[in-house]
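Student: Let me begin by handing over the structure; questions about it come next.
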Amino acid sequence: MTEVSRAGRHAALRQLLHEQRYSSQAELAAALEARGILASQSTLSKDLLALGAARQRGADGSLVYVLQELDTRAATRLARLCAELLLTIRRALNQIVLRTPPGAAQYFGAALDQAGLDGVVGTIAGDDTVLVIAVDEPSAAALAEQLERMTITGKATEEE
């Protein structure tokens, strides 16, 4: 077995996940080992997180690892955080004021920024409040509706 760089492990993991379905990290570790790459469970877990691999239900109902695109991951994370953290959504013209539990606003605001939602000019976060500035009133209305839907469903899109 040879020592492989992080980038090399990531490339091998991407290829493995595109070629076949894996339901556990042990299966992935064995597949990597068959290619001459040794990785501890801790390293493999970090690599999967860095690649955006997540376990999702397959067509047969079993959980398998799949790669998600960055934008999809960020939107999915935002939807989950909306359901968990968003207490109120209030709109005033092109601005939206979001309330979270104390200490969660900056974390939520960062997730909102990473999601790159259409119409957002920027965000400002305090302790329990996030101010979202939209490009105009219609964009603010659409964004408020989108955040409300995410809060209720916990999903980024209606298809999920």
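Each residue of the sequence shown is one higher than the one before, starting from 41 at the first, in this note's numbering.
We treat Cβ as the ideally placed atom computed from N, Cα and C, and that holds for glycine.
#1: Can you tell me the Cβ-Cβ gap for Leu91 and Leu107, rounded? I've got them flagged as a contact below 8 Å.
#2: Which word fits Ile192, buried or exposed, when buried means at least 16 other C-beta atoms lie within 10 angstroms of its C-beta?
#3: Just reading off the beta strand (DSSP E) that Leu138 is part of, what are its end residues?
#4: Thinking just about the alpha-carbon of each residue, which of Tyr105, Ala150, Asp100 is nearest to the one in Leu89?
#5: Using three-state DSSP, classify Arg130 as helix, strand or coil.
#6: For Leu187 and Gln96, I'd like the C-alpha separation in whole angstroms.
#7: Helix, strand or coil for Tyr38? Go by DSSP, reduced to three states.
#8: At which residues does the alpha helix (DSSP H) containing Arg97 begin and terminate?
Tutor: So, from the data block:
#1: Taking the sequence shown and counting its residues from 1, one reaches residue 91 at position 51. Taking the sequence shown and counting its residues from 1, one reaches residue 107 at position 67. Correct: roughly 6 Å between the Cβ atoms.
#2: Looking up residue 192 in the sequence shown gives position 152. When all chains shown are included, Ile192 counts as exposed.
#3: For the purposes of this step, residue 138 is identified with residue 98 of the sequence shown, where counting begins at 1. Note, Leu138: beta strand (DSSP E), 135 to 139.
#4: As a working note, residue 89 is residue 49 in the sequence shown. That would be Tyr105, whose Cα lies nearest to the Cα of Leu89.
#5: Against the sequence shown, residue 130 aligns to sequence position 90. If DSSP states are grouped into helix, strand and coil, Arg130 belongs with the strands.
#6: The residue labelled residue 187 in the question sits at position 147 within the sequence shown. The residue labelled residue 96 in the question sits at position 56 within the sequence shown. Approximately 23 Å, taken between the alpha carbons.
#7: It is not possible to answer for residue 38, since the shown part of the chain is limited to 41 through 200.
#8: Residue numbering aside, residue 97 sits at position 57 when the sequence shown is read from its first letter. Unbroken run through Arg97 is the beta strand (DSSP E), 93 to 97; no alpha helix (DSSP H).
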